[in-house]
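> Mind having a look at this structure? Questions to follow.
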Amino acid sequence: MRIAVFGSTGRTGIPLCEQALERGHEVVAHTRSPEKLTFDESREGVTIVEGDAYTGEGVDKAVAGADAVVSVLGQSDASPNDLLTVAGDHILEAMAEHDVIRFVTLVGAGVREEGESVSLGGKAMGALLKLLARDVLEDSADHARRVRESDREWTILRVPRLGEGDPSGDYRIGDLQLGFEAVDRADVATCILDRLEKGDYVGAMPKVGDA
């Protein structure tokens, strides 16, 4: 499978790309900073596309010829407030142009589905996000809404606090009651690749938690 990855040099993107290559997939790594990748174009199965998903630079080139697209873009202090929404629009437009159907994207567990049950810990986390990171939460929710309205075969994975350095190689997925716990980024990467290979959770917004 040829997988276009947006956010490939991020802390989730790097293990995602590495695991994809280990599983025998081709990776198209879209990035503003190719020097941050842990591999270069000489590695078999790797294509690097330099660009900026927010402006749309390089998005079309990265998506063309892909079998699936993954976005693990994340907000930082220097990011535009609408990073996920605007970049997601560019990605979806390129997917429609090149008839690429499968899309998996990552948002925080604070993004809710209408009518879903939320644990006390989840409610507390949601309240904290609204207080401290309202722009990030609204951007994630807008991105998820636009993906849901698209005609792609999408999966929106919702994750709690992301940790790193202690992957178990396993995870939980589904209608989970999540609070302040963390899930390792490498395990999230495993979950993403499992969704692409199994073709499940299409048109769904499952939560991902630590095993």
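For the sequence shown, full-length UniProt numbering begins at 1 and goes up steadily by one.
Just so it is clear, CB atoms sit at the ideal spot from N, CA and C, and this is done for glycine as well.
1. Touch check for the stretch 200–211 and the stretch 170–187: three-plus C-beta pairs under 8 Å?
2. What ranges does the beta strand (DSSP E) occupy inside the stretch 33–71, keeping only unbroken runs of at least 3 residues that lie completely in it?
3. In whole angstroms, give me the CA-to-CA distance for W154 and V70.
4. Which residues in the same chain have their Cβ closer than 6 Å to the Cβ of D166, if we skip the five residues on either side of it in sequence?
5. Using DSSP with H/G/I as helix, E/B as strand and the rest coil, what is T155?
6. Could you say if the stretch 15–26 and the stretch 83–98 meet the contact criterion of at least three C-beta pairs nearer than 8 Å?
7. Tell me, which residues are paired with F180 by DSSP?
8. Using DSSP with H/G/I as helix, E/B as strand and the rest coil, what is H98?
9. With 16 as the cutoff for other CB atoms within 10 Å, does P160 come out buried or exposed?
10. For Y94 and V63, which I take to be in contact (beta-carbon distance under 8 Å), what is that distance rounded to the nearest angstrom?
11. Report buried or exposed for A110, applying the criterion of at least 16 other Cβ atoms within 10 angstroms of its Cβ.
12. Determine the burial state of D151: buried for a count of at least 16 other Cβ atoms within 10 Å of its Cβ, exposed for fewer.
13. Please list, in chain order, all residues of the same chain as G10 whose beta carbon is under 8 Å from its beta carbon, the five residues on each side excluded.
14. Rounded to whole angstroms, what's the CA-CA distance from L128 to F180? Just pull it up for me.
15. What do you reckon, are the CB atoms on L92 and D139 nearer than 8 Å?
According to the structure data:
1. yes
2. 46–50 and 68–71
3. 10 Å
4. D184
5. strand
6. no
7. BP columns for F180 are empty, so no partner.
8. coil
9. buried
10. One detail in the question is off: residue 94 reads as Ala in this sequence, not Tyr. Right, the Cβ-Cβ distance comes to about 4 Å (below 8 Å), so this counts as a contact.
11. Note that residue 110 is Gly in the sequence shown here, rather than Ala. So G110 ends up on the buried side.
12. exposed
13. V72, L73 and G74
14. Note that L128 scores 48 on pLDDT, short of 50, meaning its location in the model is unreliable; the coordinates nonetheless yield the value given after this. Their Cα atoms are separated by approximately 10 Å.
15. no
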